[in-house]
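Peer 1:
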Amino acid sequence: MNILVLTSDMPATSNMPGSPRLFNLCRSLARQHRLTLVTLGPNERHQVFLDDPTTAGVFERIIVLPNPPAPRWWGTQLHRFRQDVHFATRSRNPRYHAEQCRSVRDLFLEGGFDVFYVDGLLMAQYVMDTGMKRPAIIDLHDCLTRLFARTTRIERKWLRKLALYLETRSMARCERSLSRVFSTIIINSPVDEEYLKGVAPAASTLTIGNGVDTTFFRPADTEGDLRHLIFTGVMNYGPNEDAAIHFAANVLPLIQQRQPAAQLWVVGKDPTAKVRQLSDRPGVHVTGGVPDVRPYLEKAGIFVCPIRYGSGIKNKLLAALAMQKPVVATRQSLEGLELREHEDLLVADEPTEFAEKVVQLIEDPDHARRLATSGRAFVGNRYSWESSAKTLEDVLLRAVRNGD
2 MNILVLTSDM
12 PATSNMPGSP
22 RLFNLCRSLA
32 RQHRLTLVTL
42 GPNERHQVFL
52 DDPTTAGVFE
62 RIIVLPNPPA
72 PRWWGTQLHR
82 FRQDVHFATR
92 SRNPRYHAEQ
102 CRSVRDLFLE
112 GGFDVFYVDG
122 LLMAQYVMDT
132 GMKRPAIIDL
142 HDCLTRLFAR
152 TTRIERKWLR
162 KLALYLETRS
172 MARCERSLSR
182 VFSTIIINSP
192 VDEEYLKGVA
202 PAASTLTIGN
212 GVDTTFFRPA
222 DTEGDLRHLI
232 FTGVMNYGPN
242 EDAAIHFAAN
252 VLPLIQQRQP
262 AAQLWVVGKD
272 PTAKVRQLSD
282 RPGVHVTGGV
292 PDVRPYLEKA
302 GIFVCPIRYG
312 SGIKNKLLAA
322 LAMQKPVVAT
332 RQSLEGLELR
342 EHEDLLVADE
352 PTEFAEKVVQ
362 LIEDPDHARR
372 LATSGRAFVG
382 NRYSWESSAK
392 TLEDVLLRAV
402 RNGD
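Quick note on my numbering: the sequence shown kicks off at 2 and runs consecutively.
This is the structure in structure tokens:
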């Protein structure tokens with residue numbers, strides 16, 4: 002197959018911040034098929050991607066479309082009147098929108114492509130409005146309607162809550178419209194797929210789970226200090242910001258009452274002002290973006306995942322388990338994963354319970370070691386990118402074969 006891949010930003014490799022889902026799926030597909038990448042930009046991620054040796058040979062070409070310009074006043078008002086999702090450009094930037102749709106259409110026809118493979122909801126608009134019927138599938142990763150609905154429920158400020166409620170309604174309309182063009186809508190967890198079916202009953206949906214690169218994320222030669230706790234992720238993402246703040250404020254002090262030397266390392270790019278302020282707390286370190294997360298995981302003894310809301314598979318959990326780290330996580334963190342409580346990791350939701358589980362591992366290194374070994378083995382057997390990519394390949398082939 003000749004596949005045109007569209008995504009709003011450069012894919013993240015295992016060396017880069019963000020989800021490595023698209024890159025690893027494409028790397029597997031590239032062994033048998035031709036792929037061209039279309040993305041927006043450029044930005045600093047482009048050169049980082051190109052400099053990464055693991056990207057060689059994955060994409061035959063990388064085509065960069067311009068980012069949208071600042072909208073005019075009338076465009077903003079029309080966008081609000083139509084209640085479009087926040088990233089839609091058809092009203093705010095109609096000329097830009099038409100140009101990108103035309104560029105995508107021309108690229109597909111002139112390149113002799115067989116199928117569109119769209120990654121994420123943002124780029125879907127430039128395929129849906131091309132005015133042509135061609136085989137196309139989309140990978141949403143998460144059901145954004147579900148994410149916004151959950152965020153709305155926990156928001157306390159009423160103006161922000163109203164804005165989130167309206168955006169949730171717009172997101173539902175957007176996700177419901179996808180089945181007009183995309184023969185299959187892919188999601189990364191059964192929980193999100195079930196929710197999406199309620200939003201878009203007419204859509205053909207499929208769960209393709211995430212994987213982990215167990216060659217890249219592998220155990221270190223030495224064990225980390227169990228008193229060094231680590232939480233990773235992009236720190237301007239709402240669920241990650243909330244998790245870091247919650248753990249530092251409500252869980253870590255309980256741990257330090259029994260283990261005064263316990264420390265938390267918050268590792269990830271773009272920390273918000275609230276996350277940066279956590280460094281003022283005793284034993285809390287906020288690194289910001291780092292060139293490679295693995296050295297920090299190697300030094301840490303326990304990976305904590307105190308996520309309280311959100312959606313989708315947590316790649317950070319799979320990476321930590323692949324590096325043979327004992328894990329304590331909330332049940333929310335485990336949605337869509339088949340990990341076994343007490344065998345592969347410990348699970349806790351309330352601050353007191355979470356702190357107790359962490360202290361148990363600090364005080365019982367053998368228990369921590371058994372969990373880490375079991376978690377590494379389970380992830381290696383169950384979560385491979387190759388298996389996920391084979392399912393994706395079947396979906397693409399079926400779309401091409403059926404002409405939809």
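Think of the CB as a built atom: it goes at the ideal place given N, C-alpha and C, for glycine as much as any other residue.
Looking only at its chain, what residues have a beta carbon closer than 7 Å to the beta carbon of alanine 245, apart from the 5 residues adjacent to it on each side?
Peer 2: Around alanine 245: Phe232, Met236, Val267, Val276 and Leu279.
Peer 1: List the endpoints of the continuous alpha helix (DSSP H) containing valine 360.
Peer 2: Taken as a continuous stretch (DSSP letters only), the alpha helix (DSSP H) holding valine 360 covers 352-364.
Peer 1: Suppose you measure from the CA of asparagine 189 to the CA of proline 261; what does that come to, to the nearest Å?
Peer 2: Between asparagine 189 and proline 261, the C-alpha separation is close to 39 Å.
Peer 1: Mapping the DSSP letters down to three states, classify histidine 87 as helix, strand or coil.
Peer 2: Here histidine 87 sits in coil by DSSP.
Peer 1: Which word fits proline 296, buried or exposed, when buried means at least 16 other C-beta atoms lie within 10 angstroms of its C-beta?
Peer 2: By the 10 Å Cβ count, proline 296 comes out exposed.
Peer 1: At the level of alpha carbons, what is the spacing between threonine 56 and serine 389?
Peer 2: Spanning the two alpha carbons is a distance of roughly 19 Å.
Peer 1: Using only alpha-carbon positions, find the residue among Thr8, Arg383, Leu5 and His34 that is nearest to glycine 210.
Peer 2: Closest by alpha carbon: Arg383.
Peer 1: Thinking just about the alpha-carbon of each residue, which of Glu100, Ala13, Ala369 and Glu168 is nearest to the one in valine 213?
Peer 2: Taking only the C-alpha atoms, the option nearest valine 213 is Ala13.
Peer 1: Using only the alpha-carbon positions, how far apart do aspartate 52 and phenylalanine 82 sit?
Peer 2: The straight-line gap from Cα to Cα measures roughly 44 Å.
Peer 1: Whole alpha helix (DSSP H) runs in the stretch 147-186 with 4 or more residues, listed along the chain?
Peer 2: Fully enclosed alpha helix (DSSP H) runs of 4 or longer: 159-178.
Peer 1: With distances taken from CA atoms, which of Ala323, Met133, Gly132 and Ala137 is nearest arginine 399?
Peer 2: Nearest option by C-alpha distance: Ala137.
Peer 1: Check for me: the alpha helix (DSSP H) holding threonine 392 runs from which residue to which?
Peer 2: First-last of the alpha helix (DSSP H) with threonine 392: 386-403.
Peer 1: Does the Cβ-Cβ distance between methionine 129 and phenylalanine 149 come in under 7 Å?
Peer 2: Their beta carbons are not under 7 Å apart, which means methionine 129 does not touch phenylalanine 149 by this criterion.
Peer 1: With C-beta atoms as the reference, is valine 287 less than 7 Å away from valine 329?
Peer 2: No; because the gap between Cβ atoms is not below 7 Å, this pair is not in contact.
Peer 1: List, from N- to C-terminal side, the beta strand (DSSP E) runs of 3 residues or more that fit wholly inside the stretch 24-69.
Peer 2: If we require 3 residues or more, the beta strand (DSSP E) runs fully inside the stretch 24-69 come out as 35-42 and 62-67.
Peer 1: Could you give the residue range of the alpha helix (DSSP H) that holds histidine 247?
Peer 2: 239-247 is the extent of the alpha helix (DSSP H) around histidine 247.
Peer 1: Just to confirm my understanding: we take phenylalanine 217, look at its own chain, exclude 5 residues before and 5 after, and list those with CB closer than 7 Å. What are they?
Peer 2: Cβ within range, chain order: Ser15.
Peer 1: Report the option in Gly225, Pro283 and Arg228 whose CA atom is closest to the CA atom of alanine 250.
Peer 2: Among Gly225, Pro283 and Arg228, the Cα nearest to that of alanine 250 belongs to Pro283.
Peer 1: Please confirm if the stretch 172-187 is in contact with the stretch 138-158, defined as three or more CB-CB distances below 8 Å between the two stretches.
Peer 2: Because the criterion of three Cβ pairs below 8 Å is met, the stretch 172-187 and the stretch 138-158 touch.
Peer 1: What did DSSP end up calling alanine 323 once you bin it into helix, strand or coil?
Peer 2: Of the three classes helix, strand and coil, the one that applies to alanine 323 here is helix, per DSSP.
Peer 1: I'd like to know whether the C-beta atoms of aspartate 107 and aspartate 120 end up nearer to each other than 7 Å.
Peer 2: Result no, Cβ atoms of aspartate 107 and aspartate 120 do not sit closer than 7 Å.
Peer 1: Round the Cβ separation of arginine 28 and asparagine 3 to the nearest angstrom and send it over; I've been treating them as touching at under 8 Å.
Peer 2: Wrong, their Cβ atoms sit about 17 Å apart, outside the cutoff.
Peer 1: What residue range does the beta strand (DSSP E) around leucine 207 cover?
Peer 2: 206-208 is the span of the beta strand (DSSP E), which, as asked, contains leucine 207.
Peer 1: In three-state terms, what does DSSP make of aspartate 120?
Peer 2: In this structure, aspartate 120 counts as strand in the three-state DSSP scheme.
Peer 1: How long is the line joining the alpha carbons of glutamate 111 and aspartate 143, rounded to whole angstroms?
Peer 2: Straight-line Cα distance between these residues: approximately 32 Å.
Peer 1: Are three or more beta carbon pairs between the stretch 369-382 and the stretch 336-350 nearer than 8 Å?
Peer 2: A contact exists between the stretch 369-382 and the stretch 336-350.
Peer 1: Using the Cα positions of proline 272 and isoleucine 308, report the straight-line distance between them to the nearest angstrom.
Peer 2: Each residue's Cα considered, the two are about 16 Å apart.
Peer 1: What is the DSSP secondary structure of asparagine 3, reduced to helix, strand or coil?
Peer 2: Reduced to three states, the DSSP call for asparagine 3 is strand.
Peer 1: Hey, how far is the Cα of lysine 69 from the Cα of glutamate 364?
Peer 2: First, the residue type needs correcting, since residue 69 is proline and not lysine in the sequence shown. Distance between the alpha carbons of proline 69 and glutamate 364: 54 Å.
Peer 1: Between threonine 201 and arginine 181, is the Cβ-Cβ spacing less than 7 Å?
Peer 2: Before going on, a small fix: residue 201 reads as alanine here, not threonine. Contact: no.
Peer 1: Pull up the CB-CB distance for glycine 461 and threonine 152, whole angstroms please, since I reckon it's below 8 Å.
Peer 2: Since the first residue shown for the chain is 2 and the last is 405, residue 461 is missing from the structure and cannot be characterised.
Peer 1: To which residues of the same chain is proline 220 closer than 7 Å at the C-beta, ignoring the five residues directly before and after it?
Peer 2: Met324, Gln325 and Arg377, listed in sequence order.
Peer 1: Does the distance from the C-beta atom of proline 352 to that of valine 252 stay below 7 Å?
Peer 2: Yes; because the gap between Cβ atoms is below 7 Å, this pair is in contact.
Peer 1: With 16 as the cutoff for other CB atoms within 10 Å, does glutamate 194 come out buried or exposed?
Peer 2: Buried: at least 16 other Cβ atoms inside 10 Å.
Peer 1: If we call anything under 7 Å between Cβ atoms a contact, is aspartate 226 one with glycine 302?
Peer 2: Yes. Within cutoff.
Peer 1: Is glycine 376 helix, strand or coil by DSSP?
Peer 2: Helix at glycine 376.
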